[in-house]
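Residue numbers (my numbering): 143 to 340. Cβ coordinates follow ideal geometry from the N, Cα and C atoms, glycine included. See below for the structure under consideration.
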């Protein structure tokens, strides 16, 4: 299978993953190491973010956003059954990572889908990828990244005009991995660039 298609299939597996958790998997407080945790379940509403979405004892779709994490699907599934907290959506991005949680953040999704040897942050994407100068050259498996901020996978163009794209990412604002639409010009104006794995 073509590498880029394989990457997108893996990202879609995260966006479409179905799971059931219980009340023991939600947390609003400190973990076993004193790290603050807020799972993106329906009982949570932050001051800035309103991304509480998953419901205990019901089918949920999409791997939960987990700050600083890069859980594989297997680790996510096992973590739920072992009572780990599902996701962590800090409003304060200086918050420490809680390893009592399972999920992925944006660079965690990149880490697993690009099969990188260790969890990376968006700051070091240029160590693993080259910039692609033109939107006309973008292909599946490539990402749009704003270094030090966010990264998303390119899936496809909405139409032949190439003004809008379908992307896959993990965001705090949605609380999970999802498939969304983005405007290309707006992304470039915000400082995003296209990167292809070396």
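With a 10 Å radius around the Cβ and a threshold of 16 neighbouring Cβ atoms, residue 213 comes out buried. In this structure, 312 is the residue among 194, 327, 333 and 312 with its C-alpha nearest to the C-alpha of residue 210.
Taken atom to atom, the span from the alpha-carbon of residue 202 to that of residue 329 is near 29 Å. DSSP places residue 336 in the strand class (E or B) of the three-state scheme. Residue 307 sits in a strand when the DSSP states are folded into three classes. In this structure, the alpha-carbon of residue 162 lies about 20 Å from that of residue 247.
In chain order, 157, 318, 319 and 320 place their CB closer than 6 Å to the CB of residue 204, counting only its own chain and leaving out the 5 sequence neighbours on each side. By alpha-carbon distance to residue 285, the top candidate from 182, 240, 310 and 222 is 310.
Annotation for residue 184: 194, 195, 196 and 197 place their beta carbon closer than 8 Å to its own, counting only its chain and skipping 5 residues before and after.
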